[in-house]
Structure formats: structure tokens, C-alpha cells
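Protein chains in written order, with our numbering: chain Z, 1 to 131; chain Y, 1001 to 1131.
Here it is as C-alpha cells:
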């Protein structure tokens, strides 16, 4: 894993709020979706493009991680990290996000959005490339 | 957000498996925990230390993100990304992980581990510091 060299952590749990008080906390959300099975591959392709574009072009979209549940692959979960509430609201109006919402409207059986508070967000720092 | 300059994406969804076939897929897991409310702050402090240490010292621990659910803060979720199954197994034997498990054994009401398959893991590339 030579392309991972450093670690960057975002610590904002209640126990650390004193230390992090000077930084605005990010907005972190979980999304739980159930997709129409017949549309699953099409949905994943559209989601993949939307995530890549959002993180690349929007300064305030810090990370978007999407996975499918192995026991039920039509169940998708996302962990979304935005720099601020303003960044989140800007994301909702971004053309690539609007395109995603319109394109997938008929594919989504259910969508549950869960507001969260980060305790610790920690990742190795990758070099400048995509895998 | 000048400390975020680049984006790195890990694309391993079914739609992209051809392009990513040469790379071993990471092991991605969701953990859902319910913590004894009286132990919540102590638990979060121990978890924070365990996450920071794991990502810093273990080459195969790519990211660990922990959040609490705002509607029920004693409910914690983690998204865990390991470079491989071997990296995951090494993590389970790491002294800081064993210390975390022993220290928090009496604090955890329930633990559910969910195996997942990544669709898209995408984050800006932070510079070499922690927030």
C-alpha cells in the first residue's frame, strides 16, 4: 500500500469538542436506500458517477462512501461528509446531484436519511490518483 | 478548505469491476453498536484512541469512520475499510484493538457486524495533518 503514506483524522466527538471548538464541524449523514432489484446495476452506475463528480468538483463535499449490504445487495448505504451546512445545501442544488435525483427517481423504493454527529473520521492520506 | 486539494476514489462496484479487476478489493464493513448510556463518553474516548492508532500504525487499515445517531446518541455506527482480508485479520490481533475490546466489553449492549461490498469510496485527499 505504498500509495498510502499519511493519516488524517477528523475528531469531533463530544469528548473532543474542546480541542476542536475552533473548527466548524462537518455535516455527516447516513443514507439508507432500497433499490428496485431490476434497476440495481443502472442505479449503481449513476450513483458512482454522481459521487465521483461531487467529490471532484465541489469544494465542500469531503467524502462520499457507498456500499451495498452483502445479505441484501439492493440495500445501499452511504456515509456522506460535507464541510458545512452551506456545503450540503450547495450540493443539493448542484447540477450533477439534480441529474442523479431525476435519473434515479423511479429506481428507489425507499430512502431514509439519518443525521449523525461524527466521533472520529480517520483515513490514510492517498496520493493524487484514483483507484 | 484549502487543506483539501485532490480527490481519491476507490471504485469497486459491479459496474466497474472490469476496470478494477487488477486490484484486490478492500474489505468494507459496517458495525452498529448500542452503548450503555452511562458509559457513552468513556466509550467514545476509547474508540477515538483506537481509531487514530489503527489508521496511523496499521498499513492495511485504510479508514475508520465513527458517528453517533443524533436521534439516539448511544447508537454508534462505524464504516471500516481494510486493504484486504489479511489486513482485517491482522487488525483483530493488534494490541490497540485488543485493548479496545477488553476496555469496552462492559460498555457495549449490542454489536451487529454487516458485511458490505463497496460501490464507490471517494474522498478529497487531505494534506498531512489531523483536524
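Beta carbons: idealized from backbone N, C-alpha and C, even for Gly. Predicted, not measured: the structure shown is a model, and the values here were computed from it.
Leaving out the 5 sequence neighbours to the left and right, which residues in its chain are closer than 8 angstroms to residue i when beta-carbon positions are compared?
i: residue 21/Z; result: Model confidence at residue 21/Z stands at a pLDDT of 46, short of 50, so the residue's coordinates are unreliable and nothing is read from them.
i: residue 86/Z; result: 60
Between which two residues does the beta strand (DSSP E) containing residue i stretch?
i: residue 105/Z; result: Looking at the DSSP string, residue 105/Z is not in any beta strand (DSSP E), and its letter there is neither H nor E.
Can you tell me whether residue i is buried or exposed? The criterion is at least 16 other CB atoms within 10 Å of its CB, across all chains shown.
i: residue 26/Z; result: buried
i: residue 1127/Y; result: With a pLDDT of 42 at residue 1127/Y, under the threshold of 50, the modelled position of that residue is not reliable, and no figure is offered here.
i: residue 1110/Y; result: exposed
i: residue 1060/Y; result: buried
i: residue 41/Z; result: exposed
i: residue 1115/Y; result: exposed
i: residue 1055/Y; result: buried
i: residue 1065/Y; result: buried
i: residue 118/Z; result: buried
i: residue 101/Z; result: exposed
i: residue 1113/Y; result: exposed
i: residue 1123/Y; result: buried
i: residue 1093/Y; result: exposed
i: residue 1057/Y; result: exposed
Starting from residue i, trace the alpha helix (DSSP H) both ways and give me its first and last residue.
i: residue 38/Z; result: Segment: none, residue 38/Z is in no alpha helix (DSSP H) and carries neither H nor E.
Might you give, ordered along the chain, the residues of its own chain that have their beta carbon closer than 7 angstroms to the beta carbon of residue i, omitting 5 neighbours on each side?
i: residue 82/Z; result: 26, 27, 60, 61, 62, 88, 91
i: residue 1039/Y; result: 1107
i: residue 74/Z; result: 34, 35, 37, 40
i: residue 51/Z; result: 64, 66
i: residue 1053/Y; result: 1096
i: residue 1046/Y; result: 1100, 1103, 1104
Following a CB-centred definition, is residue i positioned closer than 7 angstroms to any heavy atom of the ligand PLP?
i: residue 52/Z; result: With respect to the ligand PLP, the structure offers nothing, as it holds no ligand at all.
Kindly list the residues whose CB is nearer than 6 angstroms to the CB of residue i, restricted to its own chain and excluding five residues on each side of it in sequence; keep chain order.
i: residue 1068/Y; result: 1076
i: residue 24/Z; result: 84
i: residue 1080/Y; result: 1029, 1064
i: residue 1043/Y; result: 1035, 1104, 1107
i: residue 1032/Y; result: 1077, 1112
i: residue 1015/Y; result: Note on residue 1015/Y: pLDDT 36, under 50, position unreliable in the model; the coordinate value appears next. Result list for residue 1015/Y: empty, nothing under 6 angstroms.
Give me the subset of the stretch 1100–1112 of chain Y whose CB atoms are less than 9 angstroms from a CB atom of chain Z, sorted by chain position. Listed in sequence order: no entries.
Check distances from the C-beta atoms of the stretch 26–54 of chain Z to those of chain Y and list, in chain order, the residues that come in under 7 angstroms. 28, 30, 41, 44, 45, 47, 48, 51, 52
Just to confirm the assignment: which complete alpha helix (DSSP H) runs, minimum length 4, are found wholly within the stretch 1059–1117 of chain Y? 1085–1093, 1095–1104
Which residues, taken in chain order from the stretch 62–76 of chain Z, show a beta carbon closer than 8 angstroms to some beta carbon of chain Y? The stretch 62–76 of chain Z vs chain Y, Cβ under 8 angstroms: 62, 63, 64, 65, 66, 67, 68, 69, 70, 71, 73, 76.
With 7 angstroms as the limit, tell me which residues of the stretch 83–95 of chain Z have their beta carbon closer than that to any beta carbon of chain Y; keep them in chain order. 83
Which residues, in order along the stretch 116–127 of chain Z, keep a beta-carbon less than 9 angstroms from a beta-carbon of chain Y? For the stretch 116–127 of chain Z, which is checked against every Cβ of chain Y, the residues closer than 9 angstroms are 116, 117, 118, 119, 120, 121, 122, 123, 124, 125, 126, 127.
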